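Below is one structure, written out as structure tokens; comments come after it.
Numbering (this note's numbering), first residue to last: 4 to 260.
Below, the structure written as structure tokens:
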């Protein structure tokens, strides 16, 4: 059986060569969540450099639609680095294996927060801004098929994300009630609301803190959290365009070349 370090190398190779690999649980069906998160941590630490700093966290599988799509039943987290943050709204299909795009909201934090089973008001007190976001996900596994342990090890399928240019105060709106229409090549593909993210996006942050507390971690000032998808993900290829229209809050578009 391969060691954790061999799995780290295997995922890194899949990422660099843009070539899908067999999911880990085929060769190691007993992989635990602790081992999977250790593979994730080590994989991301290998990529950290002066120009690619750790900048925050992403939540995955926070909607029933998403859980049904990939066949799992609980939330997970991944890590975000500076290279994942898009400076413009374009990706290249050839730089990915099987990219998909989904609409989200993101939080930034002005003070540290940690702990289990916190109340929403406790978390809101640490939030600085809320942003509209589009995330590009891209599983490194064949056929975009994986178990919960596999996707944890693969850093929750993280690849890229785009933030809106407008920071919103937490009190701008009821973030559970925001609506999004997702257009794929100018055709309406999905509709969703903030409530698709664990009934309210702030609950996603609470769940992240629950998960991190098991490792003695929390969220630090300046870190960013992607809360999870508001709709199913749109599979894209070269020439495609995906737009998420959040109504009065604005819209975000990613072009695929």
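By construction, the Cβ of each residue, glycine as well, lies at the ideal position given by its N, Cα and C atoms.
Quantities reported herein were computed from a predicted structural model and do not represent experimental measurements.
- The straight-line gap separating the alpha-carbon atoms of residue 190 and residue 254 is approximately 15 Å.
- In this structure, residue 195 and residue 106 form a Cβ contact; the two beta carbons are roughly 7 Å apart against a cut-off of 8 Å.
- Annotation for residue 211: 60, 62, 80, 228 place their beta carbon closer than 7 Å to its own, counting only its chain and skipping 5 residues before and after.
- Given a length threshold of 4 residues, each whole run of the alpha helix (DSSP H) inside the region 25-103 is given here in chain order: 27-30, 36-50, 67-73.
- Taking all protein chains in view, the Cβ of residue 157 is crowded by 16 or more other Cβ atoms within 10 Å, so the residue is classified as buried.
- Nearest to residue 108 by alpha-carbon distance, out of 242, 233, 246, is 233.
- By the Cβ rule, the region 130-149 counts as touching the region 170-184, because three or more pairs are nearer than 8 Å.
- For the pair residue 95 and residue 89, the Cα-to-Cα distance works out to about 12 Å.
- Listed in chain order, the non-local C-beta contacts of residue 207 below 8 Å within the same chain comprise 62, 65, 78, 200, 201, 228, 230, 231, local neighbours out to five positions each way being set aside.
- The C-beta of residue 153 has 16 or more other C-beta atoms within 10 Å across all chains shown, which makes the residue buried.
- Note: residue 182 is bridge-paired with 196 in the DSSP secondary-structure output.
- Under the DSSP assignment, residue 239 falls outside any alpha helix (DSSP H); it carries neither an H nor an E label.
- Pairing residue 256 with residue 149, the inter-Cα distance amounts to about 28 Å.
- Excluding residues up to 5 positions away in sequence, 117 lie with their Cβ nearer than 8 Å to the Cβ of residue 220 in the same chain.
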